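So the first sequence is numbered by this note's numbering: it starts at 1482 and just counts up by one.
Inspection log for the structure reproduced underneath, given as structure tokens.
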Amino acid sequence: MKNRELADVFSQMADLMEILDEDPFRVASYRKVGRVLEELTDAIEDIAAAGRLETLGGIGKSTAAKIAQFLATGRVQAHQELLGKVPSGVAAMLEIPGLGPKTAAKLWRQGGITTVEQLKIALASPEKLAGVPGMGAKKARQLLESMAFLDRSAGRALLGEASALAESLVQAIEAAKGAQRVVIAGSLRRGKETIGDIDLLCQAPAKAAGGIIQAFTRAPAVRRVLAAGETKGSVTLEGGMQADLRVVDKKSLGAAWMYFTGSKDHNVALRDWALRKKLKLNEYGLFRGRRAVAGASEDEVYAALGLKFIAPELREDRGEIAAAAEGKLPRLLSPKDIRGDMHMHTTASDGRNSLEEMIEACRARGYAYMVIADHSQSQVQARGLDAKRLRQQVQVIRRLAAACKDIWVMTGIEVDIFKDGSLDFPPDVLAELDFVTASPHSALSQDSAGATRRLIRAIEHPCVHCIGHPSGRLLNARPGMELDIQAVAEAAAANRVALEINADPHRLDLRDLHVRAAVEAGATLVINTDSHSVDSLLLMRYGVMTARRGWAEPKDVLNTCTGAELKKWLAKRR
DNA sequence: GCCGTTTTCGGCCCGACTGTTTTCAGTCG
């Protein structure tokens, strides 16, 4: 797959063109191509071979030719020409928050600065930048701090970390005088797998806004105040994340919440939709001329646009607006649809809570069923179970299960899938268990074709019910295997094997786009926490968000079944 | 460079905040 590489080429061309001050609309269209390529689940080679490049939104004749050229020669001529015009270090400056293309161009052309290192030195003695307009002492200090932040932080926070921080900020703002309602917006509300910054909104009368912004900037987690105006505040938090708060009037809350929930691409598409209806949409409301048509609630704004309500998780400009217009949005599942958790560990392998404690915690959550799935023998570092210990555990589970009237406790295993697709236990051992999850844990840098064959072989194994965390990725840590998700999902559908959405915020695997491909291929999903303690059972909500981002409905997800339905599904499988 | 419920040409989302600009450019979301 050359998707990623090619996406980078177009994104970089957009950056370079912007530094060269080329037509902003052409720049925007290159940027869009970068995003489209990045989000593609099919290999760009296959799409090109099928002559379908120009059927992708945002890709026209000229882009198609550049993609073809890249696939044939490994390069895009126009990209090479741009690289020849702008020193590479100048483009690298765009990574620095607060430094955009205009400033990078000025630093280069008028200040003679061509690398980030040179910039750092020059900023330390700002008189060196006297020839560059707009470069005062304050701006210099701000850029130095931004660069220091980049050096320390790995970039984006995980969904779970960001949620906890956001909730602490919400509490601080709610305590401020005049705050009527505080809500989370941004990528956090959309349930994106990683979060760049936290966006919050507070409904309050205009006269209270200043005090609320002050309260926000004094919240315990705040380390530095970046901006504090009349209606907007920006801060850096402990750990380096940025958080923004806007204070809005009651009659604008819906429009503002939509605007700050994004995504940017959804907003652009929605405004375009509004314009075609002779309406104007901004964060204050939906307007016909000067008259406000809607704004207090999101429902009202979507309705006035002739659209069904679009759930935040769908707002990525991936076809949701057309679907909302045609009444074809999916009926998304919600956390309350989940009736069990089918992947959790105990102290028998690397879990922190006992079998009894895990059962009690699942019962307290009101689950109808659960599966114990400890590691198999080759996971030595996790004290994986061999056949003998597994059989002992099965005995204990069966005895405990017999005593549980209100929850169905199933026996299971998380059996390793080896590099060649074979499993860590022979069929006779696996056949004794109620539910078998097979997961890849090692050799995760395998090539795409090999990884796909590996998973398909496991899917075709007669004893396997589910593939756990299929790609093996760890967010912000390792990329995992690059699967041909189409082929994997088709095999899963054909063999009636479920694909896991691992809800652990470090994994979220399958990821959103893979969920969507799996749903379209007719595969069944199962959302599991992979809990290693009773506390992590509540991570389920992040898996549900990821499922929603993949347009999954309850019928696509195995653990929305009742116990009786699940029994039937298991009976058909064997 | 892309695109079409007004269009194959002429549009392309829009507002807040900061810094250093004395009237606004740049960046961000």
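Here a beta-carbon is modelled for each residue, glycine too, at the ideal position from N, C-alpha and C.
As the structure is a computational prediction, the values presented were derived from the model and not from experiment.
(request) Kindly indicate the opening and closing residues of the beta strand (DSSP E) around residue 1853. (result) First-last for residue 1853: undefined, no H or E at that position.
(message) Please report the distance separating the alpha-carbon of residue 1932 from that of residue 1922.
(response) 12 Å
(message) So for residue 2054, helix, strand or coil by DSSP?
(response) helix
(request) Along the beta strand (DSSP E) that carries residue 1683, what are the first and last residues, could you check? (result) 1678-1684
(message) Rounded to the nearest angstrom, what separates residue 1773 and residue 1767 at their Cα positions?
(response) 6 Å
(message) Please state whether the Cβ-Cβ distance between residue 1974 and residue 2002 is less than 8 Å.
(response) yes
(request) Give the DSSP bridge partners of residue 1772, in chain order. (result) 1769
(message) To the nearest angstrom, how far is the alpha carbon of residue 1511 from that of residue 1834?
(response) 51 Å
(message) Three Cβ pairs or more, each shorter than 8 Å: is that satisfied between the segment 1987-2003 and the segment 1944-1952?
(response) yes
(message) Between the alpha carbons of residue 1659 and residue 1727, how many angstroms are there, rounded?
(response) 14 Å
(request) Report the residue ranges of all alpha helix (DSSP H) runs contained in full by the segment 1546-1588; include only those spanning at least 4 residues, in chain order. (result) 1558-1566, 1569-1573
(request) Provide the residue span of the beta strand (DSSP E) that contains residue 1981, from first to last. (result) 1979-1983
(request) Pick helix, strand or coil for residue 1859, following the three-state DSSP scheme. (result) coil
(message) How far does the beta strand (DSSP E) with residue 1921 in it extend, from its first residue to its last?
(response) 1916-1921
(message) Quick check: the Cα distance between residue 2036 and residue 1566, rounded to an integer number of angstroms?
(response) 54 Å
(message) Spatial neighbours of residue 1806 within its chain, please: C-beta separation below 7 Å, excluding the five flanking residues on both sides.
(response) 1787, 1788
(message) Looking at the strands, I want to know which residues DSSP matches up with residue 2074.
(response) What the structure shows of the chain is the stretch from 1482 to 2055, and residue 2074 is not part of that stretch, so it cannot be assessed.
(request) Would you kindly check if the distance between the Cβ of residue 1895 and the Cβ of residue 1856 is under 8 Å? (result) yes
(request) Whole angstroms is fine: what's the gap from residue 1519's alpha carbon to residue 1852's? (result) 36 Å
(request) From the DSSP output, read off the bridge partner residues of residue 1825. (result) 2012
(request) Check whether the segment 1954-1971 touches the segment 2031-2047, counting contact only when three or more Cβ pairs, one atom from each stretch, lie closer than 8 Å. (result) no
(message) Based on DSSP bridge pairs, tell me the residues matched to residue 1990.
(response) 1983
(request) Specify the secondary structure class of residue 2000 as computed by DSSP and reduced to three states. (result) helix
(message) Please tell me whether residue 1729 and residue 1684 are closer than 8 Å, where the distance is taken between their beta carbons.
(response) yes
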